[in-house]
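K.L.:
Dropping the structure in here first, questions after.
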Amino acid sequence: MSPGDAGAVSRDGTGGRRALRIGLTGPIGCGKSTVAGWLAVRGAAVVDADEIARDVTAPGQPAHEAVLARFGYAVRAPDGTLDRAALARLVFADPAALADLEAIVHPAVRPRILAAIEAADAKGAPAVVIEAIKLVESGLAALCDEVWLVECGTAAQRERLAARGMDAADARRRIAAQGDLVGRLRSHATCVLRTDGTPAVANRRATQALERALRSHASRPAG
Numbered sequence: 001m002s003p004g005d006a007g008a009v010s011r012d013g014t015g016g017r018r019a020l021r022i023g024l025t026g027p028i029g030c031g032k033s034t035v036a037g038w039l040a041v042r043g044a045a046v047v048d049a050d051e052i053a054r055d056v057t058a059p060g061q062p063a064h065e066a067v068l069a070r071f072g073y074a075v076r077a078p079d080g081t082l083d084r085a086a087l088a089r090l091v092f093a094d095p096a097a098l099a100d101l102e103a104i105v106h107p108a109v110r111p112r113i114l115a116a117i118e119a120a121d122a123k124g125a126p127a128v129v130i131e132a133i134k135l136v137e138s139g140l141a142a143l144c145d146e147v148w149l150v151e152c153g154t155a156a157q158r159e160r161l162a163a164r165g166m167d168a169a170d171a172r173r174r175i176a177a178q179g180d181l182v183g184r185l186r187s188h189a190t191c192v193l194r195t196d197g198t199p200a201v202a203n204r205r206a207t208q209a210l211e212r213a214l215r216s217h218a219s220r221p222a223g
């Protein structure tokens, strides 16, 4: 990490121990946002990389113009924002196009995530959760003390995506595009959270994992 990264700072601005940093990742439809919400209830500050990506690609932002320059006005909605459904259909069918999109978005997202981490430290949050599907590929995992992989079975993924209103063909395409994601992420994960079954069971697993991580973080030197 470079000295300017928040990851290089071991204490918050007040001289206290910095927040535990948890990277939360996993395939679409497996419950990352739900797990992040449970951790927020327990005092964690949550940083949603996808939400930040929407902000940095809004009209008037440099990344917005870069996306249009690369993909054309077919991905521009009538209100001037990006047509994310059209963009998703394009990039999930073309790995090279997806790589081009990430090369535009990731560098714009990172500074805002670093600022959010510093803000969480300043507020004395016990933990900060970085929710990002491309946590490892974007280099954000290097900022984290722990990387949690959230996963579930394909049937559960499809059911949850259908509940969001996604049509079956689009769901199959997105799941297929991330087919090897779990295998690639397992080598980086310090914790694997399965969200199959009832929400109560998954919530209990997340709570236990957080308690363990906080104990481990508290036992490390804060120098």
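The numbers in our numbering rise by one with no breaks, and the one at position 159 of the sequence shown is 159. Idealized CB from N, CA, C, for every residue including glycine.
#1: Taking Val47 as the reference, give the member of Ser216, Ile113, Gln157 with the closest Cα.
#2: With a cut-off of 8 Å on the beta carbons, I'd call Gly60 and Leu140 a contact; round off their distance for me.
#3: My output table needs one value for Asp48: the three-state DSSP class, helix, strand or coil.
#4: Could you tell me if Pro27 is buried or exposed, where buried requires 16 or more neighbouring beta carbons within 10 angstroms of its beta carbon?
#5: Is the beta carbon of Ile130 sitting closer than 8 Å to the one on Ala63?
#6: When you compare the CB positions of Thr25 and Ile133, do they come within less than 8 Å of one another, or not?
#7: Flag this pair as touching only if the region 143 to 154 and the region 186 to 195 have three or more C-beta atom pairs under 8 Å; answer yes or no.
#8: Helix or strand or just coil, what does DSSP make of Gly23?
#9: Count the other C-beta atoms from every protein chain shown that fall within 10 angstroms of the C-beta of Val41, then say buried if there are 16 or more, exposed otherwise.
#10: Under DSSP, the alpha helix (DSSP H) around Ile130 begins and ends at which residues?
#11: What does Val192 pair with, by DSSP beta-bridge criteria?
#12: Should Ala108 and Val56 be called a contact, given that it needs their Cβ atoms to be closer than 8 Å?
#13: According to DSSP, what are the bridge partners of Arg18?
#14: Do Leu193 and Ala127 have their C-beta atoms closer together than 8 Å?
#15: Return the residue from the list Leu161, Arg54, Glu65 that minimises the CA-CA distance to Gly29.
#16: Quick check on DSSP: helix, strand or coil for Leu236?
#17: Name the two residues that bound the continuous alpha helix (DSSP H) containing Glu118.
#18: For Gln208, which residues in the same chain have their Cβ closer than 6 Å to its Cβ, ignoring the five residues on either side in sequence?
#19: Less than 8 Å between C-beta atoms, sequence neighbours within five positions excluded: which residues of the same chain meet that for Gln157?
#20: Is the separation between the beta-carbon of Val35 and that of Ala206 shorter than 8 Å?
#21: What residue range does the alpha helix (DSSP H) around Ser33 cover?
P.N.:
In this structure, then:
#1: Ile113
#2: In fact, because the Cβ distance is near 25 Å, the residues do not count as touching under 8 Å.
#3: strand
#4: buried
#5: no
#6: yes
#7: yes
#8: strand
#9: exposed
#10: Per DSSP, Ile130 belongs to no alpha helix (DSSP H); it is in the beta strand (DSSP E), 127 to 131.
#11: Leu149
#12: yes
#13: None; Arg18 has no bridge partner.
#14: no
#15: Leu161
#16: The structure shown has nothing for residue 236, since the chain only spans 1 to 223.
#17: 95 to 123
#18: none
#19: Pro27, Ile28, Gly29, Cys30, Ala171, Ile175
#20: yes
#21: 32 to 41
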